[in-house]
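For reference, the structure discussed in these notes is given below.
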């Protein structure tokens, strides 16, 4: 059977599964819609969290990104996993004990202030929309690359599916579909990784093959060969970094803290039955995430070594079939600048001119073909990419709809609204959010890539410190928390806006404060938030006794 | 008053666990993976450079272990202070 036929089968089967689950897990109440009735077993919640967390970017782009960045790519690996330690130890159990529906719920109640709640709502909606636009685009891209439909049709199909199970099932539907989506995506990621590891190093475990020797009979370690190739062709040594230590430090911290502050991740911990389940569920989530995140750097190294050995200085006329296939999609572009018929792929330190441009996504998308795997694996990778994009999109849409129906309507504007009408409003909000996200997917604002730094930076500078101080300091009052959030947000937003939009030509290390890039500035924003919050808080009256009791009570399970 | 002091003891113990586990968290990622990465890269384990391994593999494994250790410690602590939710009467 052809690649195309297999792709239709894999994608069709997985979509049918998601729809079936959505019908089975229909939400009947507000509790179901917002927090899946708080009945989700911790292991399943871990899987759902992992699928929720790992987006199209993790699945499709991350390995490629690392393979071009070498050691610098570890900012993503550590940054997007280390936050779960913070979640499990500092946030999840206490928020579960608090036991309402959303992050603005906690911020608003703990700081006894509608203004604090409003700031939190705005952040939650902004962060989630930023994120979801990229996901819908990802759905469209996967469709267009694997099924040759145009991006518009792809985005519309994706919208239809998410609309169906998010509007019908709410958190309950989303959770159980995410469990299925995790299984699909991890299987789709591991199968080609295991094959390529076997092919290159003779061991089926990519994490070990990464540090193993090559099977070409040379007895050389894979990483040594890769370093050698990189140097020879004028790239940075793979296991050395080129970013400054301080920048790596701050980017990693910003991504970690941002992860722990992202509302669509935090709300997942409201769905488990008990406080102790919230702790263990974060552990399961990280275990399931780690399965992909420790495989990705291995895939990155395999794919890069393979790429450099097979195509560098090869005759263009004799290039392998996958090279031609992907050239047709525009993801690989070759221009024979010196007209010698050979592919010169060179880095910045080489004397020769580079003739090859490679899109980073190719490292995962073309992996099965490069490794010569059967057609069904290619179809599986398509289904996996879609699962990753859809699961994240659904989780984000739920945060948006909950923020509007519950936080804004119920808690801010119409407190007397009936639960039935609130649920209806949540469904309508989810529907509208799907349409807006779809619109962004079809007409991506040029700044989607840039605003990802925004999402993490803002979450790091606003939610994370506000929640942490709300739990660990009884003295923190509303004046401190609000001024901290506002200062953190304004500082982080202006730094990013300045370097990304106002004056992008100055966006390099020489102009950055202390050599910290916009990606890492969220960490500084967080520190400022904490500083300002404490200064203000100690000069204003302490929170009322009932709030101090609330803090006491969330500390005990 | 009795209840309050037991609550304080529980919280103090919890904070102690947190500070130890978070120090390890910091050490393996920011320490081994970032600050001392070049020094550790002089050590080879198999094909890996140790600093590089921590940055791309080791830190993540330690993160997972840290969470499960905390889960275990807190389970014990919950039992010890009788705030174990499993003991709550079921409807």
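Protein chains in written order, with our numbering: chain A, 1 to 557; chain B, 1001 to 1091. Backbone N, C-alpha and C define an ideal beta-carbon position, used for all residues, glycine too.
Query raised in the report: Are the C-beta of residue 1039 of chain B and some C-beta of chain A separated by less than 9 Å?
Result: Counted from its first residue, the second chain places residue 1039 of chain B at position 39. Residue 1039 of chain B does not count as touching chain A.
Report task. Determine the direct distance from the alpha carbon of residue 1059 of chain B to that of residue 1075 of chain B, and round the result to whole angstroms. Result -> Residue mapping note: residue 1075 of chain B aligns to position 75 of the second chain, counting from 1. Residue mapping note: residue 1059 of chain B aligns to position 59 of the second chain, counting from 1. One C-alpha to the other measures close to 24 Å.
Report task. Could you round the C-beta distance between residue 370 of chain A and residue 325 of chain A to whole angstroms and report it? I think they count as a contact, below 8 Å. Result -> Start at 1 with the first residue of the first chain, and residue 370 of chain A comes out as number 370. Start at 1 with the first residue of the first chain, and residue 325 of chain A comes out as number 325. Contact flag wrong, Cβ pair sits at about 10 Å.
**Report entry** Chain-order list of residues whose beta-carbon lies under 6 Å from that of residue 113 of chain A (same chain, five-residue window excluded)
**Finding:** Indexing the first chain from 1 puts residue 113 of chain A at position 113. The answer, listed in chain order, is 478.
Requested in this report: Determine, using beta-carbon pairs with one atom in the region 414-422 of chain A and one in the region 43-60 of chain A, whether at least three such pairs fall under 8 Å.
Outcome: The region 414-422 of chain A vs the region 43-60 of chain A: no contact.
Query - Segment contact, 8 Å Cβ cut-off, at least three pairs: the region 399-415 of chain A with the region 196-212 of chain A - result: no
**Report entry** Nearest-angstrom Cα separation, counted from residue 265 of chain A out to residue 356 of chain A
**Finding:** One-based indexing of the first chain puts residue 356 of chain A at position 356. One-based indexing of the first chain puts residue 265 of chain A at position 265. Each residue's CA atom was taken as its position, placing residue 356 of chain A and residue 265 of chain A some 39 Å apart.
Query raised in the report: Interface residues of chain B around residue 270 of chain A at Cβ under 9 Å?
Result: Taking the first residue of the first chain as 1, we reach residue 270 of chain A at position 270. Ordered by position in chain B, no residue passes the 9 Å Cβ test against residue 270 of chain A, which lies about 16 Å from the chain.
Report task. Quick one: measure Cβ to Cβ for residue 131 of chain A and residue 396 of chain A, integer angstroms, because I've assumed they're closer than 8 Å. Result -> As a first step, residue 131 of chain A must be located in the first chain, where it is residue number 131. As a first step, residue 396 of chain A must be located in the first chain, where it is residue number 396. So it is a contact: roughly 5 Å between Cβ atoms.
Query raised in the report: Between the C-alpha atoms of residue 48 of chain A and residue 340 of chain A, what's the straight-line distance to the nearest angstrom?
Result: Sequence index remark: in the first chain, residue 48 of chain A carries index 48 (1-based). Sequence index remark: in the first chain, residue 340 of chain A carries index 340 (1-based). Their backbone Cα atoms lie some 52 Å apart in a straight line.
Report task. Can you check the region 412-497 of chain A for any alpha helix (DSSP H) of at least 4 residues that lies completely inside it and give the ranges in chain order? Result -> The region 412-497 of chain A is shown to contain whole alpha helix (DSSP H) runs of 4 or more residues at 419-442, 448-461, 463-472 and 478-497, in chain order.
Query raised in the report: What residues of chain A sit near residue 1068 of chain B, judged by a beta carbon separation below 7 Å?
Result: The residue labelled residue 1068 of chain B in the question sits at position 68 within the second chain. Within chain A, the residues near residue 1068 of chain B are 283.
Report task. Using a Cβ cut-off of 8 Å, pull out every chain A residue sitting near residue 1055 of chain B, in sequence order please. Result -> Locating residue 1055 of chain B in the second chain gives position 55, counting from the first residue. Contact note: residue 1055 of chain B reaches chain A through 71, 74, 77 and 78, using a C-beta cutoff of 8 Å and chain order.
Query raised in the report: Cα separation between residue 551 of chain A and residue 1048 of chain B?
Result: As a position in the first chain, residue 551 of chain A is number 551, starting the count at 1. As a position in the second chain, residue 1048 of chain B is number 48, starting the count at 1. When rounded, the distance between both Cα atoms is 46 Å.
**Report entry** Segment limits, alpha helix (DSSP H) that includes residue 166 of chain A
**Finding:** For the purposes of this step, residue 166 of chain A is taken as residue 166 along the first chain, with counting starting at 1. Per DSSP, residue 166 of chain A belongs to the alpha helix (DSSP H) from 151-201.
Query raised in the report: Whose C-alpha, out of A:378, A:349, A:333 and A:380, is nearest the C-alpha of residue 359 of chain A?
Result: As a working note, residue 359 of chain A is residue 359 in the first chain. The shortest Cα separation from residue 359 of chain A among A:378, A:349, A:333 and A:380 belongs to A:333.
Query raised in the report: Counting contacts by CB-CB distance shorter than 9 Å, is residue 207 of chain A in contact with chain B?
Result: For the purposes of this step, residue 207 of chain A is taken as the residue at position 207 of the first chain. At least one chain B Cβ lies under 9 Å of residue 207 of chain A.
**Report entry** Local Cβ density within 10 Å of residue 318 of chain A, reported as buried at 16 or more and exposed below that
**Finding:** Taking the first chain and counting its residues from 1, the one referred to as residue 318 of chain A is at position 318. That one is exposed.
**Report entry** Collapsed DSSP secondary structure at residue 314 of chain A in the structure displayed
**Finding:** Locating residue 314 of chain A in the first chain gives position 314, counting from the first residue. Note: residue 314 of chain A maps to coil in three-state DSSP.
Query raised in the report: Within this structure, are the beta carbons of residue 159 of chain A and residue 438 of chain A separated by less than 9 Å?
Result: The sequence position of residue 159 of chain A within the first chain is 159, counting from 1. The sequence position of residue 438 of chain A within the first chain is 438, counting from 1. A contact, by the Cβ cut-off of 9 Å.
Query raised in the report: When Cβ atoms are compared, which residues of the region 1016-1033 of chain B fall closer than 7 Å to chain A?
Result: 1018, 1021, 1022, 1025, 1029, 1030 and 1033
Query raised in the report: Would you say the region 214-228 of chain A touches the region 481-499 of chain A, given that touching needs at least three Cβ pairs under 8 Å?
Result: no
Query raised in the report: At least one CB of chain B closer than 9 Å to the CB of residue 216 of chain A: is that the case?
Result: Translated into the one-based positions of the first chain, residue 216 of chain A becomes position 216. Judged by the 9 Å Cβ criterion, residue 216 of chain A is not in contact with chain B.
Report task. Report yes if the C-beta distance between residue 525 of chain A and residue 488 of chain A is below 9 Å; otherwise report no. Result -> Taking the first chain and counting its residues from 1, one reaches residue 525 of chain A at position 525. Taking the first chain and counting its residues from 1, one reaches residue 488 of chain A at position 488. Taking 9 Å as the Cβ cut-off, residue 525 of chain A and residue 488 of chain A qualify as a contacting pair.
Query raised in the report: Excluding sequence positions up to five away, which residues of its chain have a Cβ less than 7 Å from the Cβ of residue 116 of chain A?
Result: The sequence position of residue 116 of chain A within the first chain is 116, counting from 1. Hits under 7 Å: 107, 108, 478, 481 and 482.
Query raised in the report: At which residues does the alpha helix (DSSP H) containing residue 27 of chain A begin and terminate?
Result: If you number the first chain from 1, residue 27 of chain A lands on position 27. Taken as a continuous stretch (DSSP letters only), residue 27 of chain A belongs to no alpha helix (DSSP H), as it is neither H nor E.
Query raised in the report: Apart from the five residues just before and just after residue 387 of chain A, which ones in its own chain have a Cβ nearer than 6 Å to its Cβ?
Result: The residue you call residue 387 of chain A lines up with position 387 of the first chain. The answer, listed in chain order, is 181, 184 and 185.
Query raised in the report: Leaving out the 5 sequence neighbours to the left and right, which residues in its chain are closer than 6 Å to residue 455 of chain A when beta-carbon positions are compared?
Result: Looking up residue 455 of chain A in the first chain gives position 455. Taken in chain order, the residues that qualify are 127, 130 and 131.
Requested in this report: Give a yes or no on whether the minimum CB-CB distance between residue 130 of chain A and chain B is below 9 Å.
Outcome: By 1-based counting over the first chain, the position of residue 130 of chain A is 130. No, its Cβ sits nowhere closer than 9 Å to a Cβ of chain B.
Requested in this report: Can you have a look at residue 1072 of chain B and say buried or exposed, based on whether 16 or more other CB atoms are within 10 angstroms of its CB?
Outcome: Walking along the second chain from the start, residue 1072 of chain B turns up at place 72. So residue 1072 of chain B ends up on the exposed side.
Query raised in the report: Name the DSSP beta bridge partners of residue 213 of chain A, please?
Result: For the purposes of this step, residue 213 of chain A is taken as residue 213 along the first chain, with counting starting at 1. Beta-bridge pairing links residue 213 of chain A to A:221.
Report task. Below 7 Å between beta carbons is the criterion; list the residues of the region 245-278 of chain A that meet it against any residue of chain B, in chain order. Result -> 245, 248, 249, 252, 274, 275 and 276
Query raised in the report: In angstroms, rounded to a whole number, what distance separates the CA positions of residue 372 of chain A and residue 204 of chain A?
Result: Locating residue 372 of chain A in the first chain gives position 372, counting from the first residue. Locating residue 204 of chain A in the first chain gives position 204, counting from the first residue. Approximately 16 Å, taken between the alpha carbons.
Report task. Show which residues of chain B have a CB atom less than 7 Å away from the CB atom of residue 555 of chain A. Result -> Translated into positions along the first chain, residue 555 of chain A becomes position 555. Simply 1011.
Query raised in the report: Is the beta carbon of residue 59 of chain A less than 9 Å from the beta carbon of residue 384 of chain A?
Result: For the purposes of this step, residue 59 of chain A is identified with residue 59 of the first chain, where counting begins at 1. For the purposes of this step, residue 384 of chain A is identified with residue 384 of the first chain, where counting begins at 1. Closer than 9 Å, so yes.
Query raised in the report: According to the Cβ coordinates, are residue 174 of chain A and residue 398 of chain A closer than 9 Å?
Result: As a first step, residue 174 of chain A must be located in the first chain, where it is residue number 174. As a first step, residue 398 of chain A must be located in the first chain, where it is residue number 398. Closer than 9 Å, so yes.
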